Amino acid sequence: MASLASQSMHFGLVALLTYFKFLLLIQCVQSVSLSIITDKEALISFKSQLSLLTPSPLSSWNQDSSPCNWTGVVCNIFGRRVTGLDLSGLRLEGTLSPHIGNLSFLRSLQLQNNQLRGPLPLQITNLFRLRVVNMSANKLEGGIPMNITNLVELEILDLMRNQISGTIPEELSRLKNLKVLNLARNLLWGEISPSIANISLLNDLNLGTNNLTGTVPSDISRLKNLKILDLTINNLIGSVPSSIYNMSSLVYLGLASNRLWGRLPSDVGDKLPNLLDFNFCINQFTGTIPGSLHNLTNIQIIRMAHNFLEGTVPPGLGNLPFLEMYNIGFNRIVSSGDDGLAFLTSLTNSTRLSFLAIDGNLLEGVIPESIGSLSKELSKLYMGGNRIFGKIPKSIGRLRSLTLLNLSYNAVSGEIPVEIGQLEEQQFLGLAGNQISGSIPNSIGNLEKLNQIDLSGNELEGEIPSTFGKFHRLLSMDLSNNRLNGSIPKEILSLGSLSTILNLSNNFLDGRLHQEVQRLENVVTIDLSNNRLSGDIPSSFKNCKSLEKLLMANNMLSGPIPSTLGEVKGLEVLDLSSNQLSGSIPSDLQDLQALRSLNLTFNNLQGLIPTGGVFRNFSSVHLEGNVNLCLHLVCPENAQSRGRLVKIYISVAIAATIAFILLIAMLIIVRKNKGKIIPASELSIKKLQMISYEELRQATGNFNQENLVGSGSFGSVYKGYLREGISIAVKVFDIKKNWILEELPCRVWSFKKCEAPKSCEIVDIML
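With mature numbering (1 follows the signal peptide of the UniProt record, and there is no 0) as the guide, the letters of the sequence shown map in order to residues -31 to -1, 1 to 736.
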């Protein structure tokens, strides 16, 4: 019986335990169910504040399914909770919902490469299990939350390329597990706190492209695990702490685009043996190029452009097989003799080199034939602004990957090698400001990917190749200041891709302009001045809707100014001076609201001058040298009446000027001699000189009222200074009675400063 009772009690206990386990299981299931519901509601709320594309990248997010099956959502295996959210690159727009703070088991939040805007919700700091936060490349704004220290397990904080503002909170230094801190490309300001060195596990610190000020904290050198230090493009000042150069763990050191100074240590390469990327561009560093950098056999990037470095290029460039970029441009690096560029030959061992810049220095020498043996991956070659002489080697045609070649502003001579036409990837060709002669090879037309060509300032001759018509991607063409002749090919005037400038000025181009100019719909500036172009100005210029500057001075253009120029609404500068244009000034020009400078001087224009628009500003319009232009409303009906009016004008001018000179002369003589009068025979009259209107305008401060001496019935008198030691008085006649604008002789008297009256000279200047 006792045994039976004992067994009965045992089964009862087992049943009771089973019941409790069942209840506990139900509670757990209910708890899990409630938890997943909470996460679902948080995610639905998150989605509700987004503007989604059609079809929506979050179309799987619906109430009828588990969040664990939704796009970008990761759940744990046992607890059925959301632990990861990765929606990177889905082009999401909108703001971040504060309900995201309800995803209490979230460990990874990756929302980079979207269009999210607004501030970071404070509720994010409730997610104490977070290890990864990446919201880079969005439009987030506001400051970094102070209570971010709640994220005690955080290892990666990446907010790069947003609009985050304010200072960097010192509280970040409490995130002891942080390994990556990337706040680059934001609007942060203030100084870098030395406390940042307390994040002892940090191996990536990127604060570049902000508005940070102050100095580089020496405490950063305490970060023994740091591999990446990027402080580029800020407003940091002072010298770099020497301890920074002892951070042997560094792989990347970037301090470019600040206001840092001091000598670069010669042993920097020895103390930073793991360095792969050294970027010190655009500062005020002095000294020489550290030769120890050329001992870092694994280094990939060396950038020291735009500093004050001196000396020569140190040896050792042949030791860098993995070098991809070498930029020492715009310093004071020197070399001399024919072999001054021999160091380029050493770079033939750098088979990965894609960027080479030695421009803006004091390098002399001939370009070695070995230049064609540089890396097959070389895409950009900057050598301009030096003292390079000799010919361009034919071997340069072997650099088939070149997209940019700049040899401008050297002393390069000889002809352009035909082999340049083999650089079919070329996008920029700059040979300006040299002594290159001969004709432009037709083979350049093979560079169909060109978007900019500058051959200006050389001694090129012959015709412009019609093969230039192949440049269907060309944005800018400058062939000015050469000796090119022949007509402008129709093919060039048909390059609709031109959007910045077409400059063919200062050559010997002749012939008529073709109507094909209408295809230059996108070009901003056309400069054809100082050539021998003839014929009419094409009316098709009206189709150049983007044109802002049209310069065609000093040619032999004839016929009328086309009224269709009034349809080019963005035109700001129009210079048609020194041609043979005839007819009247089109009244349509006064409707150009953007026009701020109009030069029509020395043509054969006639008739009324418009009075509206730019013509209201006397200083912006230049019409001298057009003897038949009329002011205001009335022009003489025939030559006889014009002649009478001219005679009247001359008589009035002569009478007024004679009276004025006598008056001024008497005043000066009386003032200098206290009443003693010097006979006119003692005054020497100089030979008449030609003085331009522009000189008079500048001398009188654009006829400023402050220089007004007085007014009379015939006009006003202004004082001014023509040149050092010479003062002038200018009589401006009243033209309100419809005077004709002619090249009439008027006179200006200048009085040279002197000590004694007898040494004063009255100079008669003919205008």
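For every residue, glycine included, the Cβ atom is placed at its ideal position computed from N, Cα and C.
None of the values given here were measured: they were computed from a predicted structure.
Taking residue i as part of the beta strand (DSSP E), name the residues at either end of that continuous run.
i           : result
K108        : 108 to 111
F358        : 356 to 359
L392        : Neither: L392 is in no beta strand (DSSP E) and is coded neither H nor E.
E160        : 156 to 160
L513        : According to the sequence as given, residue 513 is Cys; it is not Leu. Taken as a continuous stretch (DSSP letters only), C513 belongs to no beta strand (DSSP E), as it is neither H nor E.
Q575        : 573 to 577
N151        : 149 to 151
K518        : 518 to 520
I271        : 270 to 272
residue 760 : Missing from the structure shown is residue 760; the chain here goes from -31 to 736 and no further.
F477        : 477 to 481
S445        : 445 to 447
Q421        : 421 to 423
So, is residue i buried or exposed, given that buried needs 16 or more other C-beta atoms within 10 angstroms?
i    : result
D127 : buried
Q562 : exposed
E333 : buried
M273 : buried
R488 : buried
P259 : buried
F97  : exposed
A380 : exposed
K9   : buried
Q559 : buried
S425 : buried
M521 : buried
G582 : buried
P36  : buried
L482 : buried
Looking at the unbroken alpha helix (DSSP H) that takes in residue i, where does it start and where does it end?
i    : result
I433 : Where I433 is concerned, there is no enclosing alpha helix (DSSP H), given that its DSSP letter is neither H nor E.
D560 : Per DSSP, D560 belongs to no alpha helix (DSSP H) and is neither H nor E.
G238 : 237 to 240
I461 : 459 to 462
What would DSSP say about residue i, mapped onto helix, strand or coil?
i    : result
S527 : strand
R501 : strand
V51  : strand
D188 : helix
K688 : strand
A225 : coil
T257 : strand
Y214 : helix
R488 : helix
K439 : helix
H263 : helix
T533 : helix
P163 : helix
N642 : Caution applies to N642, whose pLDDT of 48 falls short of 50 and renders its modelled position unreliable; the value that the coordinates give is listed next. In the structure shown, N642 sits in a helix (DSSP, three-state: H, G or I).
L169 : For clarity, residue 169 is Ser in the given sequence; the question names Leu instead. Note: S169 maps to coil in three-state DSSP.
N472 : strand
F249 : coil
V596 : coil
R301 : coil
N411 : helix
Indicate whether residue i and residue j have their beta-carbon atoms separated by less than 7 Å.
i    : j    : result
N172 : K193 : no
I251 : S226 : yes
L543 : N572 : no
D328 : G353 : yes
G183 : T201 : no
S509 : V486 : yes
L416 : Q391 : no
S406 : E428 : yes
I271 : Y295 : yes
S14  : S66  : yes
S364 : E338 : yes
S370 : E346 : yes
E124 : S164 : no
I530 : T494 : no
N330 : N300 : yes
G431 : S408 : yes
Does residue i get closer than 7 Å to chain D when you measure Cβ to Cβ?
i   : result
D33 : Judged by its chain identifiers, the structure shown contains no chain D, having just a single protein chain.
Which residue spans inside the segment 90 to 131 form an unbroken beta strand (DSSP E) run of at least 3? 101 to 103, 108 to 111, 125 to 127
Of all the beta strand (DSSP E) runs that stay within the bounds of the segment 313 to 373, which reach a length of 3 or more residues? 324 to 326, 333 to 335, 349 to 351, 356 to 359
Quick one: complete beta strand (DSSP E) runs, 3+ long, within the segment 7 to 83? 42 to 44, 51 to 55, 62 to 64, 77 to 79
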